Amino acid sequence: MLLTILYIIAITAEAMTGAISAGKRKMDWFGVMFVASIAAIGGGTARDMILGHYPVGWIKHPEYIIITCTAGVFTTLIAPWVARNQRLFVALDSIGLVVFSIIGCRIAMDMHLPPLISIIAAIVTGIFGGLLRDLVCRQPPLVLHKELYASVAMFSSSLYLLLHWYGIEETIAVVATLIAGFSLRIVALKFGWSLPVFHFDQKQIERQVRTKIK
Amino acid sequence: MLLTILYIIAITAEAMTGAISAGKRKMDWFGVMFVASIAAIGGGTARDMILGHYPVGWIKHPEYIIITCTAGVFTTLIAPWVARNQRLFVALDSIGLVVFSIIGCRIAMDMHLPPLISIIAAIVTGIFGGLLRDLVCRQPPLVLHKELYASVAMFSSSLYLLLHWYGIEETIAVVATLIAGFSLRIVALKFGWSLPVFHFDQKQIERQVRTKIK
Amino acid sequence: MLLTILYIIAITAEAMTGAISAGKRKMDWFGVMFVASIAAIGGGTARDMILGHYPVGWIKHPEYIIITCTAGVFTTLIAPWVARNQRLFVALDSIGLVVFSIIGCRIAMDMHLPPLISIIAAIVTGIFGGLLRDLVCRQPPLVLHKELYASVAMFSSSLYLLLHWYGIEETIAVVATLIAGFSLRIVALKFGWSLPVFHFDQKQIERQVRTKIK
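Chains as they are written, first to last, in numbering that gives the first Met the number 0: chain A, 0 to 213; chain B, 0 to 213; chain C, 0 to 213.
Structure, rendered in structure tokens:
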């Protein structure tokens, strides 16, 4: 119940950020609705298709598509307000990330898949929306570059699995995961925590190789 | 029957436009066949995968792949002719769009999915081929930018659903949808009708924000 | 058995080339693991999703994901060594291509799909990993541009199907296909064999058209 409410808030927020990305590429209203929808529910769709978990979420609940399309078009009217409240959207996106992770994890658990696959299902649910949005808008995929993003999905789903393992009551497990995952993301943003970056510079390496040969 | 003939004409035309896109990127013959095929049958494949409607269309009818690959390679031989007859291809593509919409809608209806999902199935069938073609050829996805394209799929499938609802005989429903959808697309192209564009200009908005603060 | 060992070697090698691509785009460790994994097992995943062959390979064998992620992160530590041994990786990638083709073909055969679909399943298994890697890393998709790559998958799977048709014993069919497919790829690379390229130059064609009108 709590999860459903938070899920609806999350897909609304993700749809709005998707609409902004579409606006940066000067898309028309359909493009806005499309990018808003894949940003919001593309992650869950990818997860369901990979797991063979049919029917896909929004086909069982077509109202989610109505929410994302409405949020997308609505964003075109209040774009300056959205731009001025980026902090709010970062917070909503962070809640969304943890909510998506819990839902993704739980669907895999209900399919009796092993823990590692449940964690991957959480990550796919959490990141594929943003990944598809960036692909369609021809932007570098943010989630693969910096910030703790997929890591938060991994942490949240691992914690949730662990709490289940210890037989913690469902509501408590959800709330605890939400608080811990959200805090990790916000603290990571505040202090600029991120994973190490791998920079492969072909030319530099070729120079090194040449130098060694000399 | 009529639909099957029009479908084969449509995938041939889409395959040829896909081959042209591949040629603009200097792909080899395999690339040409690949882009031709995803442009022509990628929409239906995406629809079937999202709906969990297995086996996917061309797996049941492998002859469709032979058609798209042949059309693709054939296009490399008659490229100037294709370039000179863009109007013909716009017309064929418009017929294809409506045919794809009707087929997509009908498959969802046969799966007893709600009307909204049938309309989305029509849109996915209609636009994902072009979307995947543009992604693989690294072009801005045309269908998200201008012209009434997805809107035509939405209109056609809604009309088709409505005619069904009123118990209109199948052949009449198909022909009426074909005529209406095709006309809408051609009239929209002629008069330059399009959906409003959402242009989100980060810098301009930041200026506005700053001005207000002053 | 032989195929399993070669498969593990192949996904390790593909994961390492995926990690290098991620490094060229300065991705973080998660991005490296992600690109490494889709480069290695994205082809098989796409094949299983298109065929409706659930559960997808790595969900049945989560250890494959552990291998690809480990190989990806490990690559960040030995990048110069990888760069210096490109020949080795070309050889491993070539073995991988034939192994992927045989596995893809066999899965389609086990599903009693027609030969043409088995060949397409082989091609999808062989090329989609590289295709998805290049899409996510925003590079032109190599497999569509030059070298005999998909053609090797087509040749290998056709040969394998043919040997099966003639009732050749499984191990012999696998080994013969491996040797023939690998040889074709290496010989093609050595002599620069490739498919004809289709270059569609809009401007040139427009000039021709104009000249004719004059």
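We put the CB at the ideal spot given by N, CA and C, even for glycine.
This structure is a prediction, so every number in the text was calculated from the model and none was measured.
- One alpha carbon belongs to L188(B), the other to V72(B), and they sit about 29 angstroms apart.
- The residue among R86(B), R137(B), D47(B) with its C-alpha nearest the C-alpha of D109(B) is D47(B).
- Residue state for V55(B) is assigned as coil, using DSSP reduced to three classes.
- The shortest C-alpha to C-alpha distance from Y6(A) to any of Y63(A), K25(A), I119(A), K23(A) is the one to Y63(A).
- Boundaries of the alpha helix (DSSP H) harbouring I126(B): 114-135, taken from the DSSP string.
- The C-alpha of I122(B) is placed about 14 angstroms away from the C-alpha of I94(B).
- A21(A) and H144(C) have their C-alpha atoms spaced approximately 30 angstroms apart.
- With a 10 Å radius around the Cβ and a threshold of 16 neighbouring Cβ atoms, P140(B) comes out buried.
- The residues P140, V142, in chain order, have a CB closer than 7 angstroms to that of L130(B) in the same chain once the five nearest residues on each side in sequence are set aside.
- Proximity of H198(B) to chain A, defined by a Cβ-Cβ separation below 8 angstroms, is satisfied.
- In the structure shown, D200(B) falls within a coil segment according to DSSP collapsed to helix, strand and coil.
- Listed as beta-bridge partners of D27(A) by DSSP are V196(B).
- A Cβ-Cβ contact shorter than 8 angstroms links L158(C) with T176(C).
- Of the residues A149(A), M15(A), A179(A), the one whose Cα lies closest to the Cα of C68(A) is M15(A).
- At a cut-off of 8 angstroms between beta carbons, M15(A) makes no contact with chain B.
- Closer than 8 angstroms to the CB of V135(C) there is at least one CB belonging to chain A.
- In this structure, G128(C) sits near A38(C), with a CB-CB distance shorter than 8 angstroms.
- Excluding the 5 residues flanking it on each side, I126(C) has same chain C-beta neighbours closer than 6 angstroms at V142, A149, in chain order.
- Nearest Cα to A18(C) within the set A82(C), L115(C), M0(C), I171(C): A82(C).
- Residues of chain C with a Cβ closer than 7 angstroms to the Cβ of A149(A) are, in chain order, F29.
- Contact annotation, T44(C) with V34(C): C-beta distance approximately 14 angstroms; criterion of less than 8 angstroms not satisfied.
- A107(B) is positioned such that its CB atom lies closer than 8 angstroms to that of S117(B).
- At a cut-off of 8 angstroms between beta carbons, I119(A) contacts chain C.
- Taking all protein chains in view, the Cβ of R86(B) is surrounded by fewer than 16 other Cβ atoms within 10 Å, so the residue is classified as exposed.
- Note that the C-beta distance between V173(B) and F197(C) is not below 8 angstroms.
- Note on geometry: alpha-carbon atoms of V135(C) and Q201(A) lie some 19 angstroms from one another.
- In this model, A179(C) and L147(C) are separated by some 14 angstroms (Cα to Cα).
- Judged by DSSP secondary structure, E169(B) falls within the alpha helix (DSSP H) whose first and last residues are 169-190.
- Rounded to the nearest whole angstrom, the CA to CA distance from T124(C) to N84(A) is 45 angstroms.
- Per DSSP, reduced to three states, the secondary structure at P61(B) is coil, with no helix or strand assignment.
- In the structure shown, Q85(A) falls within a helical segment according to DSSP collapsed to helix, strand and coil.
- Legend: CB atoms of the stretch 48-66 of chain C lying less than 7 angstroms from CB atoms of chain A belong to residues M48, Y53, P54, V55, I58, P61, I64.
- In this structure, the CA atom of E13(B) is about 28 angstroms from the CA atom of I49(A).
- When DSSP states are grouped into helix, strand and coil, Y159(A) belongs to the helix group.
- In this structure F29(B) is buried. Its beta-carbon is surrounded by 16 or more other beta-carbon atoms within 10 angstroms.
- Judged by their CB atoms, L91(A) and A152(A) are not nearer to each other than the 8 angstroms cut-off.
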